Structures are given as structure tokens and as C-alpha cells.
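Engineer: Below you'll find the structure I mean.
4 protein chains.
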Amino acid sequence: MSSQFGTLFRISTFGESHGVGVGVIIDGCPAQLDLCEADVQAELDRRRPGQSDIVTPRKEADTVQILSGISQGKTLGTSIAMLVKNKDQRPGSYDTMESVYRPSHADYTYDAKFGFRAISGGGRASARETIARVAAGAVAMKVLEQLCPNLEILAWVDSIQHLQTNIQNLDSITKEIIESTPVRTADAAIAAPMIEHIKKIRSQGDSIGGVIRAYVKGVPAGLGEPVFDKLEADLAKAMLSLPATKGFEIGSGFGGTQLTGSQHNDAFYTQDGVVKTKTNRSGGIQGGISNGEAIDFRVAFKPTATIMKEQDTVNADGDETTLKGKGRHDACVLPRAVPIVESMVALVLCDHALRQRAQNSALTPKSLTPQA
Amino acid sequence: MSSQFGTLFRISTFGESHGVGVGVIIDGCPAQLDLCEADVQAELDRRRPGQSDIVTPRKEADTVQILSGISQGKTLGTSIAMLVKNKDQRPGSYDTMESVYRPSHADYTYDAKFGFRAISGGGRASARETIARVAAGAVAMKVLEQLCPNLEILAWVDSIQHLQTNIQNLDSITKEIIESTPVRTADAAIAAPMIEHIKKIRSQGDSIGGVIRAYVKGVPAGLGEPVFDKLEADLAKAMLSLPATKGFEIGSGFGGTQLTGSQHNDAFYTQDGVVKTKTNRSGGIQGGISNGEAIDFRVAFKPTATIMKEQDTVNADGDETTLKGKGRHDACVLPRAVPIVESMVALVLCDHALRQRAQNSALTPKSLTPQA
Amino acid sequence: MSSQFGTLFRISTFGESHGVGVGVIIDGCPAQLDLCEADVQAELDRRRPGQSDIVTPRKEADTVQILSGISQGKTLGTSIAMLVKNKDQRPGSYDTMESVYRPSHADYTYDAKFGFRAISGGGRASARETIARVAAGAVAMKVLEQLCPNLEILAWVDSIQHLQTNIQNLDSITKEIIESTPVRTADAAIAAPMIEHIKKIRSQGDSIGGVIRAYVKGVPAGLGEPVFDKLEADLAKAMLSLPATKGFEIGSGFGGTQLTGSQHNDAFYTQDGVVKTKTNRSGGIQGGISNGEAIDFRVAFKPTATIMKEQDTVNADGDETTLKGKGRHDACVLPRAVPIVESMVALVLCDHALRQRAQNSALTPKSLTPQA
Amino acid sequence: MSSQFGTLFRISTFGESHGVGVGVIIDGCPAQLDLCEADVQAELDRRRPGQSDIVTPRKEADTVQILSGISQGKTLGTSIAMLVKNKDQRPGSYDTMESVYRPSHADYTYDAKFGFRAISGGGRASARETIARVAAGAVAMKVLEQLCPNLEILAWVDSIQHLQTNIQNLDSITKEIIESTPVRTADAAIAAPMIEHIKKIRSQGDSIGGVIRAYVKGVPAGLGEPVFDKLEADLAKAMLSLPATKGFEIGSGFGGTQLTGSQHNDAFYTQDGVVKTKTNRSGGIQGGISNGEAIDFRVAFKPTATIMKEQDTVNADGDETTLKGKGRHDACVLPRAVPIVESMVALVLCDHALRQRAQNSALTPKSLTPQA
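Protein chains in written order, with this note's numbering: chain W, 1 to 372; chain A, 373 to 744; chain R, 745 to 1116; chain G, 1117 to 1488.
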């Protein structure tokens, strides 16, 4: 369904930018998991507007309220509902846009699909929709702490327009490094130029995109399914379901098409009884199933569609006109998109870990076993 | 589920390379659709081994038999089952590989997941699995002929290693041009070099990959869903579920991250009462929903993992050893992958067309309406 | 999933009796449907406690708030979320029950399944859970008004313990007749004895059950699916998913096993060009698909498990003890269950109407077609 | 979907009575399970025509062929496909029925739904469809042997028309007793009268129905889900999805509506540290979740619709006519339906056992754990 994601750890989301709020129901979360609102809030705070001077200055606290599914600080095993109310609604800011289709936005396609759309804001196409993903992802991360205790999900801004990180050792990257600057990159040398560039572009009323790279360490071998629900297929879907994404590549990606098979194949070897690969062009997944190496992929984000420059467009009647953006938007969404990417990774991995446990019972920590 | 794809036009597939055969059940196909085995066979023939001198010389007729769901040449509206029997089984060819993990194959990960795998052949990781996709895709194409009569799904080999097509006018490409050479590219000037290069690499016992580009014309606006089942998300999943794929990009893709918003946005205009975009950096999809422009995406295929060169690896006991491929494999899978990519596009679009008809009833041709 | 129901018109529910509230997300609702909170509230008012002197005197207004999915009084086609906050929480009333398993309740089985349960109230096993069904059912009814304008869903209390209605003409029953007394039966002669009996049983601290009969007029022929998703199968699941239900029979039901085929078969005839049956032992469904006759089924509800009499039981440690119910409970749930049964019928029929429209496009009203 | 059943152990079925054959794909079966065709054939033999002198004399060997999913006698963990070819096709026998709607059959409703149906035989409404359920059920039983080693699924003919078994001790019934006569009842005293009655009714060209009772011992507590996927809800759906079923009741069922709560509640006690109930009016399920007592339910089967007596009906043009059945049909389907009921129980329990293992990991036998 449109607003559902996952097979066993399944989330259903709701909410528009200009309504009561945004939220999610999680169905299938294991019982007895420690969970409180602060666990979720910590991730939402990494996503929220106004967190630094390179993101939109809109003031939204994005405070989460858990509506159900918890008792005495533990999950009940039944559906968990969470709500983040909208605080800073300024419908007026969007007035002009109501009948005029914003270029490279979803205004026209929503009208084409539904014959109708929300009078203000972007409806479900608003980036506020991703709040629900981050809230659910925070819970998935808690489940993964139990199911895959060595797992660590990292993501960072790998490039912004032409500014590209230069990373020698992927395994040396930590969440601390990434969070040390508001731009959330993993190469300290490029952080300042990136921040400066975002500010410059913003001052021009323009916008930029870039690439986010995800690197997931400690993934147990065996996650993912043959054929359609390959792990990289579900990750690709997860990433392309995010607003503004235009591409996904895993391991060697598009660049790998320049190599021959003898250059590209990842040779196996054994280390301390564990099968490993000497290189990781597979990106941690072979035949759709994790092989125990780090999962390594990249996601392309286009430049934000809303810009403060005049653009040609049409209105709902098909009359040609021009439009100049108003409101307070991100000139570059990537720093705020990092926790969103991580959340989607957590949702995919949590789902596949539960699926693997169901079918092949490889992941059964004591702490999640009921003791009636 | 692992072997299922689609929401309303849902396929379930089965079969290994070294078993009775490969097949598919289609659930949800509309009734009264003209369908015969020849419709399906035509697509399978484009995929089968031995079709030209640049693909694997294995002789498999890959003849389809429809087991159910048809009466008097028309679909009954109930489940359609199709079977393609395996003909050319030579289990001996794979003997050495049984206990040795082929680099960048799924041998190790299947063992890691299931604790067990097929004694010969690649099991479900064999590319023969894609027969079921092509058979089902052929039926989806027949449904789309009714639901979206202007739709045309094209795909071609866009690059092979460093050999890149140079195409001036995407709209001038036809299926005839693509099928005019065995390499299935859309640029006549590059076909011969590509063929020559594949043969050279094969003679070296090596392999190469490349990029397939899909271009879908005549897509009605309104297909795709907000949030998770965005049309590009389902296409990305479909593509990354194919063996050997490492990347997906739509419209401007990774290259689009080098532009600013003012350079990137697709300006709207009106032509004969229809809303159009001046450029198509969105790749035909905005906010997850088709906008009526051509859907345009690219898929990266890594070089074939099986090569005739000695490689370092380990066996199932973890002992380090070397392996040199045997058997008859494609040095470059891309020419045969073209119809597979088209089939997955058809499956995704057919599913979304039915979903749109269910919810918003924009696509209701007379010919599919029951007349009791 | 545990808290999801439906294929195309899919609901996800949440909420416990002793938490913030109870709610639902509807995914897949057609766009442009007129919908406001009053539409939903009207059905919730028929379900709520305290509505008459034969139901629990708990005071809960059960006021619905629509959180998303509506703009300008119309559905957006995206997910609709609704919340009913809990008002009258008296956790103290349930104190004794915390560690003692209430007989024929879900306390023990929730502990057996999850190893843990809500400290107070029945968690998801509370009948408050059905609020979400009624709220969603109210929306389904609005969709059905568009898709199947002749449809009328009736349900009534057919028997309470030994008190059985005697109805000569099913087609003469109206919602007005049913709603004319608080017991919601369709036989005026039995209403007063039923009410009196409920009060007597309540005064004894005991409880009673009975049978609800549903009768759905104006169902178009063609709803339901062959094989697993037969219309009666989905109705049976819907009914047996309700708290306290122990049986379902359609058409001739268990009584029909006493007849021979020649006595039981429904002979066809034609009336005004429409195929009809002379009798309706099939209950409006043949081969899993509606035949245009009224859908006619009965649901058995056991006597309420909570009684004010001392009963033998055990606590969570397995020690044998006794328990006497406290709190304010229904001595007979059937009058309040009538709108819940109707809601589940609406959810099943709405889902199947959309499925039929998707596959066979027989139901395409103009008013639901987008006009971009 | 129409031809799919199950969440984690999901089956997809296909096949009509007058086509190539009938079959099933199982997706989600655990790996490393011992499985061969003989395991499946044993159950199919209990279902097949011609097995005794009280069932249809049609000669169909119903031989199963496993097409995929097995290697070296063990399941691969990937999709298992099975095919049973149709042998005894005599399309001529059904000629008259082609354009005439058989009363209480699915001919008319299939036309109403699809605008079209199979020219001969009942299409998917044929009872041959149940072959696929039995084949899949046989595999589910093998999985359950591993997951729930104490489980025993029994079903028997509880009544045929007015002939009712009289059973004192449900726990004394064994599969041997049931299989000792062709009528598959559990009360030796009633078997001969039942057989005699079936023969008499058949000689009259008429048919009869009855009730099958299922009794499942050794069910672990904790299977089933809160809210919609209650265990009894999924069992009810499974049963009502079978051809000719008209009712389902569990535990006290419809009869339980005659009791008060104090008479009806199942008191808890402790035996050897296990929580038990003194009575089993709950039928082994409380709040949708198994409580460890035997699951006990009854299913009503109407008299077979095909009879050798002249009946009023109409043809596809709506003209009134009469019809007299031909061909070789069961006068009473219940003896052959016993293994079908058992199969559906196995499919439901296997699915819920895997779901419970995924979410709450209570069921993790060593033998199903991969050892890479």
C-alpha cells in the first residue's frame, strides 16, 4: 500500500505538512523491548528544522508522543502508534502556489492522480512525511540492538554538488565524526567548504543536491531473500521512496561497469574461521543476501525543487505563468537527510532480521524470548 | 515474500537451474484478455541462451507451457501458471564448484542464510530464474496494451564497459533499431565495437558489464503512489532484484547532483491542453507519480561473476583454495538482460495501472469490462 | 499483520483501553470523497458506552478527531488517520486483575505469547479496540455509497440466550425498526423481553450472549474472489476477529446440513432480465462471489467473560485463587456489537468492491474519477 | 490475493478441473526440512476420487510431482512448486452445463464477476482446486513436526445429515480410528449407518451434507495474533474458503449462546506447573491466541450442489430451463473433505508458528537452525 513499508516490522504512516500532525503505527515489533519517547526524540532532533544555520530556519520542535503499544517502558508486542503534532503552520506562505504547479514538485502529479490535492502545503509529498520514517526507524534501531548487537548504521554527506569527500579508511568513520559538524560529512577537510557553499547557494536563492553514503558495519551474514526481496532491492526501494532521490548504487555501482570480471570479483579468504572478502565491490550483499562485510551504498539527492528564483510553469487551468518560491526552505536537504537514510536502513534491516528469524531462526537472542 | 512481486498483478515464481524447470503463477490478471503461449514465447526467445554468437552457447529452447488460467484463448481472471522445463542439464560442468564458493556469486550467502544449498547449479540465484519474470512480463505487456494503449517500453544497452552510446534524440529510438543487432543497443555506430569487445573479452576468459537504459513512452500521468510505493521506488526495487545489478538512476540521476535547482527544475508548459515539461530531468516521475513524460532510467550491471580465470577463494570448510570457472557462460549479460529489464518495467507499470484503476478509476477501457 | 485488515482499503489500528487513545489509519481510500468527523461520530455514538440503560454505564464520549487525509471536507486519496482519546480511565478498578488471570479473557494467552502484558486494562484485547473498526467502517460506508449506491447493510440482535426473534419477511426490516429500541433487534415483540432479561442477568452479576444476524441488500453480483478470498471467507474472518465471537454461519448454515441437495439448492429464475434465485440458502454468495441476492449471515457471541461472581482461576505464578469481577461492564454486549458487525461488513465489501474495480472494472462511478 | 493464503508460509495455487493440472507454490518454507513426494502423496491419496465405494468413482491417480525447492531430499528454503496433472478429463460429460447455470454452483457468479468462464468444468470453483491445498498442507505438517513436535491435527465426520456421532472422550480419538472406515468418522457405532445412508441418497440421485469436527492436540500456547489475525479468525477464513462450507463454530459455538457467563467461563487451574482450563468452551483459543488446550471447532458442509434430479434454472441468456446433473460426483463430500480440513489447519498453524517465532522467538528447534 501507498503508506506502508515492511513485511514483518511493518509501518503505516500518515500526515500532511498543514494538518494536525504526522505519525506512524508500527505493527510487528517484538515485545519486552525497552522503549521511551526520548529514544525516538533523539533521532527526530537530528532531522528537525532549525537545528543549525545551514538548514531551514522554520521552528518546529517535532516532539513525539507515543500513543500506544508501551507499558511500564516496554513494548507490548502490539501496535505502537506515535504522533508528532505540527506546530509552525503558516498556510499563508504557500498561497500563491495553490493553483500554480511548482516545477519539479508533486503538485501536478497529485492532481493528475487524485483529481484533487491539499489546499496548502505539499500534502503527503511534503518532506514532513519523513518524520514518521525517523520515528519508526528509531524503534527499528532498538530492535536491531537486540537482534544484531554488533550492527552500526552510519550515513554521511559524501558530496554536495562538486564538493566530494576523500575518505581513505571507511572503517575509521564514526558517528561522532559525522555529527561533529552541522553538514554531517565524514571528511573533516571538506566540511567547512560544504557549509560555505550551502550558504552561498542559499544567498543566491538557489539550491543544490549531492550524494549520501551509507555504511553499515556488523551486519550478520544471511539477511535478505533470494529473487525479489533481495536486500539491495529493498534498500534501493527504501532510498528511492525518499523525497528528492534520483539514484542508488551499491558497492562498485555504476563505476564497476568499467571493470572486467577478473578485476571486479571479490576474492574470498578466511579470518579467524570467518569467511571474508578481500575487496567489497559487492557492497556487503551477494545474491541478495548479506555476506557479513559492511553494506556500502550511495544515494543521489537532486537539488531542492523549491528555489527563490522565477521559473516558468503553468497553473491548474493549464495557463502558462511564472512562479518564485517563498517560505523557508532548505537550500540543501542532505544534512537533514542523513538520519532519514539511516532510519530507512534500520527499517529494512530490522524487517529482514525478523524474516530470517522466522524462516531460519539464526537470530534468537535470549532477551527477546517470552517467559510466561 | 521472497519469490513474489506485485500488489494487484502479483507473480510467484519458482525453479532452479538444475531441476524440472522454472515457472510462475500470475494472480490478479484481468479476465477476457487474449493470451496464448506464442505471446509469451516471443519474449522468452529474446532472453534465451544460444540466440546469437555473443551470448552463452548453451542450447535451451526455453519453451513455455501454460498450465492454467486460459480458456478459448482468453484469460479467465483466475491464476495463470506457466512452466518452462529445463532441457540442457549438465550437472557435471559444475562439479568442482559444489564445495568451493565462487567469488561474487551467491554460494556463500545461501549457505550462510539457509545452512544448505542446491548441490549443483546456482539454485534460485541462477539467472534462469529470470525466465519466470520474462514470461510474466509478457502477460503484463498484454494487459498494458489494454489499459495504456499508447505505452511503449523500450530498453537498450547504453554502454558496455567504456563503450558508450551517443544518442541525440531519445524519441527516435524504436524496438526495430534495438533488435537490429544482437547486442541490442540503440546507437548503430557503437554496435559493432561492442560486439567485437564482447568477443575479445570472452576469448580472454574474462567478462564485462555495462549499463542498460530504459525509456518508456506513452505513460499516462497518475501512476505510482505517494510515500513508499513511489513509481521510481518500485522500479528501483525491480531493477536491483535482477541478478548482477549494482545501480539505478532515474532522470538526471547521479549527474543531476552537479546542478543547482535553477538548472535542474523541469519547467512546465502546455501543449494542446496537456501539461508538459520542457526538460525531463525528473525522468517522467514527480513525487513518485508519473507526469506523462517518458520514464527514463539507467541500470548498472556488474561484469559477470563467472570467469575462466583462476581466482582465490575458500571452500565450505573455510579452507583457502583457487577456482577457475568452467561451463558455458555469458561474457556479457547485457544483450540478454534487455528483455528482462523490459519485463520488470511491464510488471511494475501493470501493477500500478491496476492500483490506479482500483483507487481512482482513471483507466477503465471498455474491453476489460465484464458483460454478464 | 496483527493490526491490519483489508487488501486495497487497508486499515491499521492501535490503542489500548488504558492509554492515550484508540485509532486507525486507512490506506487506499479513494480521493474526492466527502468526509467529515460527524460522519464517523454518528457510527461511534451507536457503539459507545453509556448510550442506554442496558449497556455499561461507563461515560466515554468517544469523540473522533481526524488527524490527516482530508482537505476542504474531501478525502485526499492518501492515508486517513483518526484518533479517539480515552477519557474515563480508572486504573484502580482493575487492580486485582493485574496478576490474576481472568477466566475466558486474554490475560493468560497474552502472557504466553508476549511474556508480558499491559499492567492495567486488557491491552489490545479490550473491546475499546473495536472503536477503530467502527471509525474505519464509517468511511468504508461512505465509499460504498459511491461504488454500490443500492447497498444497505443491516444487522440486528437475532437472539439473546433463549429469546429468539421471529421474523417473517427479512426484506421489511429497516434500520429505523432496529434502532427503535436500545436492544437493536428487528422483532418488536421480543425487544421488551430481551431488555428485561438483560437487566435481570445484570442484577445477578452474571452475563449472557446471543446471535447477531446481518442482512445486506443491494449487493452487486461479482464481489468476492475465487479460492481463498471468497466473500464468505473474508466475512467469517472479519466476524471471528471480533471479541467474544464463537461462530459464523451463512445462508442455510449448520441447519442446512439437515437437508438434501434437492431440498437445498437455490433454483435460478429471471426477473426483469436479472438472474435471481427462488430461495436464498446460499446466503447471497455462490463459489465465493456475490450473486446479487441479499447477503445473510449469523454470528454467535458468547456471554461476556467479566462477571461479578466468584470464579476459580490462577495468578501469573500459577497459584490457584479466586476472582470476582469489578468495574462497569456490559452484561450483554450484543446491542453495542450491532454497529461493530456492520462496520466489519462495510470494510469487507468496500475492499472487495475496489478489488473488483481493479481487476474487472465493473464499478466505476463518475464521481470518483479524477478530473485533472 | 485470490489464490494466495498465508503470511509467512504463503501458498499460491493454480489449476482448473479441465486443464493441464493443479498445483501450488510454497514460499517461506524453512530450509533443511526432509521432504519427498511420498510425504505429499500420502495426503493426496486420502483426498483422491475413487478411494472407496462411497466417493465419486472418477479415476484420478492425482500423482504429485515436485518441480522445485528440494535438493538431496531436503528443502532449500526457496519456493517449492508442486504439480498434479489432470488425468481423467471427459469434457463431454459437462456439455449441457456449459450455457446453463447449475443451481447453487459458481457458474453464474463467475460470469457475473469476470464476464466469462471456463468452457468446461468448474474452473477454479472445481473441487479439484483443493488438491493444491492438500499438497501444501502436507508440507506444513512436516514443518509443524519440527516446530511443534507434540502437535496432532485430527478431523472427522461429526455428522451426516441427521446422523450424529456420540463421542464421550475427545482425547481418546486417534487417526487410526478415523481412518478405519471410508466414512472417516470417530464413532464406530455410527460409521455403518452413515455409509448406508450415503449409498441410499446416491441411489436416489440426491446428495447430503454434514459437519466435520477438527480437534488439534498439543498446540503450544501463544499462537495467533491480537485483533484481526486472531487464530480462530484465520481458521474460520480457512474453512469458509473451502467449497461447500456454510458455517464455522469454535468451542461452545452457537450452543454457547444459551449459557450465562458463570456457566460458560473456563476456570483456570494449574497442573504440573502448566496453566490449564477445567472446561474448554473457548475451544483452545482466548483473545485470538492459543491457550494450550486442544483447538476444537466444527465446520458445516452443505449437501453437494450437483444432483441427478431435474432442477429449475436459467441459461446464460437468462432463458428459464431445467437441468439434470450428469457425470460422476460425490453424493456426500465429507469423507474426502476430512484431509482437506486438516490441511487448512496445518497451513494456518504453520504460518502462525513462524510468525510467533519471528516476533517472539518462542519456537526455535535446533534442527531448523542453519549451521553454515
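Ideal placement from N, C-alpha and C gives every residue a C-beta, glycine not left out.
The model shown is predicted, which means the values in this text are computed figures rather than measured ones.
Check whether the Cβ of A/A410 lies closer than 7 Å to any Cβ atom in chain R.
Structural biologist: Chain R contact via Cβ: absent.
Engineer: Chain D partners of A/T693, CB-CB under 8 Å?
Structural biologist: Protein chains W, A, R and G are contained in the structure displayed, whereas chain D is not.
Engineer: Helix, strand or coil for G/Y1331? Go by DSSP, reduced to three states.
Structural biologist: Note: G/Y1331 maps to strand in three-state DSSP.
Engineer: Flag this pair as touching only if the stretch 276-290 of chain W and the stretch 63-78 of chain W have three or more C-beta atom pairs under 8 Å; answer yes or no.
Structural biologist: The stretch 276-290 of chain W is not in contact with the stretch 63-78 of chain W.
Engineer: Would you say A/V506 faces chain W, with C-beta separation under 7 Å as the test?
Structural biologist: So, not an interface residue.
Engineer: Does G/K1418 come out as helix, strand or coil in the three-state DSSP assignment?
Structural biologist: DSSP places G/K1418 in coil when its eight states are reduced to three.
Engineer: Determine whether the Cβ of A/R382 lies closer than 7 Å to any Cβ atom of chain R.
Structural biologist: Output row for A/R382: interface = no.
Engineer: Using a Cβ-Cβ cut-off of 7 Å, state whether G/Q1475 counts as contacting chain W.
Structural biologist: Yes, G/Q1475 lies at the interface with chain W (some Cβ there is under 7 Å from its Cβ).
Engineer: Using a Cβ cut-off of 8 Å, which residues of the stretch 1078-1104 of chain R contact any Cβ in chain A, in chain order?
Structural biologist: Against chain A - using a Cβ distance shorter than 8 Å - the residues of the stretch 1078-1104 of chain R are L1098, R1099, R1101, A1102, Q1103, N1104.
Engineer: To which residues of the same chain is W/G218 closer than 7 Å at the C-beta, ignoring the five residues directly before and after it?
Structural biologist: For W/G218, where only same-chain residues beyond five positions count, the Cβ hits under 7 Å are C148, N150, L151, E152.
Engineer: Within 7 Å of any Cβ in chain A, is that where the Cβ of R/T822 sits?
Structural biologist: At least one chain A Cβ lies under 7 Å of R/T822.
Engineer: Between W/G256 and chain A, is the shortest Cβ-Cβ distance under 7 Å, so that the two count as touching?
Structural biologist: Output row for W/G256: interface = yes.
Engineer: In the DSSP assignment, the alpha helix (DSSP H) including R/D783 goes from what residue to what residue?
Structural biologist: Start and end: 781-791.
Engineer: Who are the Cβ neighbours of W/G92 in its own chain at under 6 Å, not counting the five residues just before and after it?
Structural biologist: Bear in mind that the predicted position of W/G92 carries a pLDDT of just 49, short of 50, making it too unreliable to give a figure here.
Engineer: If I measure Cβ to Cβ from A/Q437 and keep anything under 6 Å in the same chain, skipping five residues before and after, which residues do I get?
Structural biologist: Excluding residues within five positions, the ones whose Cβ falls inside 6 Å are L455.
Engineer: Which value, in whole angstroms, describes the spacing of the CA atoms of A/A507 and G/G1321?
Structural biologist: Spanning the two alpha carbons is a distance of roughly 46 Å.
Engineer: Name, please, each residue of chain G whose Cβ falls closer than 7 Å to the Cβ of W/G376.
Structural biologist: Given that chain W is displayed from residue 1 to residue 372, the structure contains no residue 376 of chain W and the question cannot be resolved.
Engineer: Whole angstroms are fine: how far does the CA of A/D691 sit from the CA of W/F297?
Structural biologist: If you take the alpha carbons of W/F297 and A/D691, they lie about 30 Å apart.
Engineer: Using a Cβ-Cβ cut-off of 7 Å, state whether A/I397 counts as contacting chain G.
Structural biologist: Yes, its Cβ sits closer than 7 Å to a Cβ of chain G.
Engineer: Go ahead and pull the three-state DSSP assignment for A/D434.
Structural biologist: In this structure, A/D434 counts as coil in the three-state DSSP scheme.
Engineer: Taking only beta-carbon atoms, is A/H701 less than 7 Å away from chain W?
Structural biologist: Chain W, which has no Cβ nearer than 7 Å to the Cβ of A/H701, makes this no.
Engineer: Starting from W/Y108, follow the alpha helix (DSSP H) in both directions and report where the run begins and ends.
Structural biologist: That run of the alpha helix (DSSP H) goes 107-114.
Engineer: Distance check for G/I1141 and G/V1454, CA to CA, integer angstroms please.
Structural biologist: In a straight line, the C-alpha of G/V1454 is about 22 Å away from that of G/I1141.
Engineer: Would W/A138 and W/E43 qualify as a contact pair, given that the criterion is a beta-carbon distance under 7 Å?
Structural biologist: Against a cut-off of 7 Å, the Cβ pair of W/E43 and W/A138 comes out as a contact.
Engineer: Closer than 7 Å by beta-carbon distance: list the chain W residues that pair up with R/A775, in chain order.
Structural biologist: Result: F114, G115, F116.
Engineer: Among R/T853, R/V1092, R/A805, R/N830, which one has its Cα closest to the Cα of R/A977?
Structural biologist: When only C-alpha atoms are compared, the closest one is R/V1092.
Engineer: Expressed to the nearest angstrom, what Euclidean distance is found between the alpha-carbon atoms of G/G1239 and A/R419?
Structural biologist: The alpha-carbon atoms of G/G1239 and A/R419 are separated by roughly 32 Å.
Engineer: Which residues bound the beta strand (DSSP E) around A/E597?
Structural biologist: It is not in any beta strand (DSSP E) - A/E597 carries neither H nor E in the DSSP assignment.
Engineer: Tell me the rounded alpha-carbon separation between A/I570 and A/Y473.
Structural biologist: Straight-line Cα distance between these residues: approximately 26 Å.
Engineer: For R/S870, which residues of its own chain have a beta-carbon under 7 Å away from its beta-carbon, when the five flanking residues on both sides are left out?
Structural biologist: Within the same chain, R/S870 has close Cβ partners E760, S761.
Engineer: Could you tell me which chain W residues have their CB closer than 7 Å to the CB of A/T685, listed as they occur along the chain?
Structural biologist: Those are A267, F268, listed as they occur along chain W.
Engineer: Check each residue of the stretch 518-531 of chain A: if its Cβ is closer than 9 Å to any Cβ of chain R, include it; give the result in chain order.
Structural biologist: Listed by position along the chain: nothing, the set is empty.
Engineer: So which of W/L35, W/P57, W/Y269, W/D330 has the shortest CA-CA distance to A/Q683?
Structural biologist: The option with the nearest alpha carbon to A/Q683 is W/Y269.
Engineer: Go ahead and label W/Q359 buried or exposed: buried means 16 or more other beta carbons lie within 10 angstroms of its beta carbon, across all protein chains shown.
Structural biologist: It counts as buried.
Engineer: Below 8 Å, how does it come out for the stretch 317-332 of chain W and the stretch 260-268 of chain W: are there three or more Cβ pairs, yes or no?
Structural biologist: No: fewer than three Cβ pairs fall under 8 Å.
Engineer: According to a CB-to-CB cut-off of less than 9 Å, which residues of the stretch 1169-1199 of chain G neighbour chain A?
Structural biologist: Those residues of the stretch 1169-1199 of chain G that come within reach of chain A (Cβ to Cβ, closer than 9 Å) are Q1181, I1182, L1183, S1184, G1185, I1186, S1187, Q1188, K1190, T1191, L1192, G1193, T1194, S1195, I1196, A1197, L1199.
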